[in-house]
Amino acid sequence: MHTPYKVLIVDDEESILKLLKKELESDERFIHTATCAREARKLLKKHAYDVIILDIRLPDANGLDLYAEFKGQVRDVEIILITGHGDIDNAVKAMRLGVYDYITKPFKLDKLELVLDRAYQRVCLQRENRSLRHTQRSNSDNKIIIGKSEPIKHIKYLIDRLKSSEVPVLITGESGAGKDVVARSIHMTSSRASQPLIIKNCAMLQRELVHSELFGHKKGAFTGASEAREGLISLAHTGTLFLDEIGDLSKDVQASLLRVLETKAFRRMGESEERRADVRFLFATNRNLTKAVEDGQFNEALFHRINVFNIHIPRLMKRKEDLPLLAEHFLNRLNTNQRQCVIPEKTMQLMLRYDWPGNVRELRNVLERALILSDNGIITESTLPKELTATNGTDKAAAPPMSLESMEREHIKNILAVYNGNKCKASEILGIGRKTLYRKIQKYSL
Ligand SMILES: Nc1ncnc2c1ncn2[C@@H]1O[C@H](COP(=O)(O)OP(=O)(O)OP(=O)(O)O)[C@@H](O)[C@H]1O
Ligand SMILES: [Mg+2]
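Residue 979 in the numbering used here is what sits at position 350 of the sequence shown, and the numbering runs on without skipping anything.
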């Protein structure tokens, strides 16, 4: 499914504008027109264009100056100049400045159409690159949601239903439960998948700068604002903005955000004119927002607006069926030297008994550590942190430390269990001869 891309054509000849609009507007393109710079500036404040076509001679401005002005204001826009014969020199100069292309009057419609589409393709590419830059860090992690428990199946079902929707989604769940994974998955399955996904943790935003970070600011808007700055909302234009820890935003910012959600309009700091952005919002929090609303800390209207669609991820403890699958997934991913990794039944039992306060993230960390400690890819009890081995009621943490001999006994026992008593395989893994293994089995009465 395609949304039409937006084009602004600025030319002083109204008849040409009319003709171009009639001929060029289609399912794929949406055309706005302006007859002078003043009108164009006004439209630009309200709409987010992908391509702008500028006549080089306008009654109230020179197309080249206007080009520089617009390029400075809008990101990811390509500009095409229309020139008369006498203007070729200027047009060439403009190309050097970064104008996408120029066409000379009189021009053929199909030529213009071609240039337009190509310019738009380039805009898409730029956005895609930007999106890649922002998501690269944890990309490989996150496309797939692992799990077969009922809650995870339901979450996958909901994400699938959301595919062709634009509603804001509120993702809730404890820290480490997988809110980021769900947000990425929603974006990746949506029609905006090739557009930017911008992720921001509101708790990390500097208090004094939140407004400017989100909405941008004009040059000189406050002391220290030596350059104009684009906010996250403009950066996420045509894509998705995922605001994590939404409960941490101050109330005045909450109010501005509500406006964006309701009207798609926002103001940069220091500017009185409104701008528009086409952004799909995702939110996450591990706080209880209902309570925050009751306590007067969270804007009630905003809460209702973002809570239209809620996806809740239960804590890992509540969906233990997912644990073996997740463990296998992480072992495959973290195990860089292609060893075969095994989680013996006993270790799995310990893991299933533990309550995982840090949820999936803690599981990943525990396995990462275990892999480093294990020298043969077998995740034995001894490679687990003591919180896990002490959950057994009998409180093993308080047990006296093991002697080397008892550890050896335990280890051999584990390996034998993993390989179903196959002594040949076990001796190979243990790095000892078969005879030695037999001796030890007798010694320890295994
Ligand atoms: N269902 C899942 N499938 C695969 N990986 C998962 C799943 N759930 C969580 N993870 C992984 O666990 C780690 C933590 O998940 P994530 O960052 O999504 O948690 P979160 O809920 O956003 O936590 P926080 O509240 O701290 O931001 C990540 O490495 C993520 O890739
Ligand atoms: Mg997160």
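Note that CB positions come from ideal geometry on N, CA and C, so glycine has one too.
Being a predicted model, the structure only gives us computed values, none of them experimental.
Kindly indicate which three-state DSSP category residue i falls into: helix, strand or coil?
i                 : result
lysine 792        : coil
asparagine 994    : helix
isoleucine 774    : coil
glutamate 1010    : helix
leucine 742       : Before going on, a small fix: residue 742 reads as glutamate here, not leucine. Glutamate 742: helix per DSSP, three-state reduction.
glutamate 874     : coil
isoleucine 1070   : helix
phenylalanine 912 : strand
glycine 845       : strand
phenylalanine 932 : helix
histidine 676     : coil
leucine 1075      : coil
aspartate 694     : helix
asparagine 964    : coil
aspartate 840     : The amino acid occupying residue 840 in the given sequence is histidine; aspartate does not appear at that position. Histidine 840 falls in the helix class under three-state DSSP.
isoleucine 1058   : helix
aspartate 951     : helix
valine 639        : strand
lysine 893        : coil
leucine 683       : strand
isoleucine 972    : coil
Would you mind stating whether residue i and residue j have Cβ atoms separated by less than 8 Å?
i              : j              : result
glutamate 707  : arginine 751   : yes
asparagine 915 : glutamate 803  : yes
leucine 1013   : valine 995     : yes
alanine 822    : serine 863     : no
proline 797    : valine 922     : no
isoleucine 942 : valine 971     : no
arginine 904   : lysine 674     : yes
valine 810     : isoleucine 788 : no
leucine 911    : alanine 999    : no
leucine 672    : leucine 683    : no
valine 839     : serine 793     : no
glutamate 1010 : lysine 1052    : no
arginine 993   : glycine 776    : no
alanine 1046   : proline 973    : yes
leucine 653    : glutamate 742  : yes
leucine 963    : glutamate 997  : yes
serine 1056    : leucine 1066   : yes
isoleucine 685 : alanine 663    : no
leucine 791    : isoleucine 827 : no
Would you mind sorting residue i into buried or exposed? The rule is 16 or more other CB atoms within 10 Å of its CB.
i               : result
glycine 805     : buried
lysine 722      : exposed
arginine 909    : buried
aspartate 705   : buried
threonine 919   : exposed
glutamate 874   : buried
proline 825     : buried
serine 814      : buried
threonine 712   : buried
methionine 980  : buried
asparagine 928  : buried
arginine 1068   : exposed
serine 1032     : exposed
tyrosine 786    : exposed
isoleucine 1001 : exposed
serine 841      : buried
histidine 661   : buried
isoleucine 1058 : buried
arginine 897    : buried
serine 767      : Residue confidence for serine 767 is low, a pLDDT of 42 falling below 50, so the modelled location carries little weight; the figure read from the coordinates is stated next. So serine 767 counts as exposed.
serine 644      : exposed
Name the residue from the options whose alpha carbon lies nearest to the alpha carbon of residue i.
i              : options                             : result
alanine 832    : Asp877, Lys847 and Gln824           : Asp877
leucine 738    : Thr632, Leu646, Ile1044 and Gly860  : Leu646
glutamine 1086 : His958, Thr1018, Thr867 and Leu745  : Because residue 1086 is not part of the residues shown, which for the chain are 630 to 1075, the question remains open.
isoleucine 709 : Ser1003, Tyr749, Phe851 and Asp718  : Tyr749
arginine 858   : Leu826, Gly845, His866 and Ala865   : Gly845
isoleucine 717 : Glu974, Gly727, Lys734 and Gln702   : Lys734
aspartate 641  : Leu687, Ser655 and Arg667           : Leu687
isoleucine 940 : Lys651, Ile800 and Gly925           : Ile800
glutamate 1037 : Glu902, Lys1015 and Ile1061         : Ile1061
glutamine 926  : Gln883, Val639, Ile1044 and Glu668  : Gln883
glutamate 657  : Lys1069, Tyr1067, Arg747 and Leu954 : Arg747
glutamine 755  : His866, Phe851 and His676           : His866
arginine 670   : Leu726, Gly701, Ala956 and Phe659   : Gly701
leucine 945    : Tyr983, Asp924, Gln969 and Leu887   : Tyr983
leucine 931    : Asp951, Leu890, Arg962 and Gly727   : Leu890
alanine 894    : Leu637, Ala666, Ser644 and His676   : His676
arginine 934   : Glu795, Trp985, Asp1004 and Leu1045 : Glu795
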